[in-house]
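This report concerns only the one structure given below.
Numbering (the working numbering), first residue to last: 737 to 798.
Shown next as structure tokens:
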């Protein structure tokens, strides 16, 4: 799994798995699978996973 721990400074430029799935037009489970496969990077804020908007833009462009 491609995860890293980051503090609050990056929360403004990231989205939840639900928001990411809406932007990509897929279900949350698909987003989780992409994270598990290493195709999409995520990080933890507490117990929640977040994805940087730049990561989403790259995923959409591919």
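Think of the CB as a built atom: it goes at the ideal place given N, C-alpha and C, for glycine as much as any other residue.
Alpha carbon to alpha carbon, how far is residue j from residue i? Give it in angstroms, no decimals.
i: residue 753; j: residue 797; result: 18 Å
i: residue 781; j: residue 775; result: 20 Å
i: residue 762; j: residue 784; result: 19 Å
i: residue 769; j: residue 786; result: 14 Å
What would DSSP say about residue i, mapped onto helix, strand or coil?
i: residue 775; result: coil
i: residue 758; result: helix
i: residue 798; result: coil
i: residue 768; result: helix
Near residue i, which residues of its chain fall below 8 Å by C-beta distance, leaving aside the five closest residues on each side in sequence?
i: residue 759; result: 751, 792, 796
i: residue 767; result: 753, 756, 757, 760, 776, 787
i: residue 749; result: 788, 789, 790
Can you give me the Cβ contacts of residue i inside the same chain, cut-off strictly under 7 Å, excluding the 5 residues immediately before and after it?
i: residue 764; result: 753, 754, 757
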